[in-house]
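Residue numbers (the working numbering): 3 to 442.
Even for Gly, the Cβ is constructed at its ideal location relative to N, Cα and C.
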Ligand SMILES: Cc1ncc(COP(=O)(O)O)c(C=O)c1O
């Protein structure tokens, strides 16, 4: 059989790249087969090297609130690249973007720019330790804060029998090559389970530099926090003198202009952003009160980086933020409305469908489909026990053939952007219905 261009590229790529790609979620680990190599994107569409068109609901894992090749981003890049890409010097645009963030986010008085969510989380946790003089960090099962050693525990799905008692989860590193010393001070707690957290705080709260949480669990699909749960984490942190670190890498500039802090009325001590902030290029930020952030001043907690606050990235970030915030945050309202509409459409399809047990969970512009016999997936253990990940993968691969692009990993999620349309939603809903009919 003749190979298509994706297949040929995969064959070539596999000789020179690990798994033919540069991150496991893009290659056979997630796809179980040859990934589709993309050539370009425009608006809500991606085009592959074989000329097929897709409505893209992955949007670079949330990095593209304005969609692909938005004219304002294209204009910004074209204009600014001609004046220099990166200087690694102090910049006016650096001050301007920080001012936008400080004005938008009540819990942020000072900002430090970084490049990726992982880097920002590393700096944030070092800052929490430096600020409190404490070693331990409390992290939740199923949450991901980047691929560095201290937090790369219990963030992949595991057989339910491997997890241990919820009062004392077994710590499971997600990678080989991580030494025990690097995660010795990381305490793992089930999320969305107040009793377990209260117990852990009673045991470790006074030694904890911070409790780090995603606002919406977005690395086991999409799982919303139970009402009041995040506020309770914040209160427990305050009671025990631990910092409340809200990782908004996914949810920042996504579930609301002010992320989960705005959506759930929180005042985190430290917050990190990434993904959407960069509008398609690497850009991350750490934020917090003046008092806490001043820990990063020279000679105290160290955070360096040649590419921090890249000139071009900051200009793109400024364009993304001003476009989304324009007209009373119309961009954020639009992605929310579109996300909710598609989630509801899929929920209606799931209810009508007698053949497959499936649900769709969403928070504003984020959503994920779960093949499960449960009515709700509310934590990591539910996910490990009850979500059929292989079935989701087959489903997502079939959707590719109907021109719909969602990442085939059930642990990830889909997202809307301002360039998606009601028609995109209709086409997607129809494709989902047909795919369910066709699936055994
Ligand atoms: C909640 C959260 N924190 C941190 C990260 C790491 O971000 P990056 O991939 O930019 O290093 C991710 C990435 O998916 C994430 O979902």
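- Inter-residue distance for residue 55 and residue 9 is about 17 Å (C-alpha atoms, whole angstroms).
- Counting only residues of its own chain and dropping the five nearest sequence neighbours on each side, residue 416 has a CB closer than 7 Å to the CB of 59, 60, 369, 370, 408.
- One Cα belongs to residue 112, the other to residue 297, and the distance between them is close to 11 Å.
- Under the 8 Å Cβ criterion, the segment 323-330 does not count as touching the segment 386-406, having fewer than three qualifying pairs.
- DSSP, read as helix, strand or coil, puts residue 99 in helix.
- In this structure, residue 220 has its CB closer than 7 Å to one or more heavy atoms of ligand 1.
- For a cut-off of 8 Å, the C-beta gap from residue 20 to residue 122 is around 25 Å, too long to register as a contact.
- Distances taken from the Cβ of residue 216 to the heavy atoms of ligand 1 include one shorter than 7 Å.
- If you check the C-beta of residue 146 against ligand 1, you find a heavy atom less than 7 Å away.
- Within its own chain, the residues whose Cβ lies closer than 6 Å to the Cβ of residue 220, once the five positions on either side in sequence are excluded, are 252, 415, listed in chain order.
- With a beta-carbon spacing of about 6 Å, residue 116 and residue 310 fall inside the 8 Å limit used to define contacts.
- Spatial neighbours of residue 202 in its own chain (CB-CB distance under 7 Å, excluding positions within 5 residues in sequence) are listed in chain order as 140, 189, 191.
- Not one heavy atom of ligand 1 lies closer than 7 Å to the C-beta of residue 372.
- Counting only unbroken stretches of 4 or more residues, the alpha helix (DSSP H) elements lying wholly within the segment 280-334 are 292-295, in sequence order.
- With a cut-off of 7 Å, the C-beta of residue 95 is classified as distant from ligand 1, since no heavy atom of the ligand falls inside that distance.
- Boundaries of the alpha helix (DSSP H) around residue 382: 382-388.
- Cβ neighbours of residue 16 within its own chain (closer than 6 Å, five residues either side excluded): 22.
- Residues of the same chain with a CB within less than 7 Å of the CB of residue 145, apart from the 5 flanking positions on each side, are 157, 193, 215, 216, 219, 221 in chain order.
- For residue 364, the shortest C-beta to heavy atom distance toward ligand 1 is 7 Å or greater.
- Looking at the backbone, the Cα of residue 283 and that of residue 41 are separated by about 17 Å.
- Under the three-state reduction of DSSP output, residue 39 falls in the coil class, being neither helix nor strand.
- Under the 8 Å Cβ criterion, the segment 268-281 counts as touching the segment 236-255, having at least three qualifying pairs.
- Looking at the backbone, the Cα of residue 172 and that of residue 207 are separated by about 19 Å.
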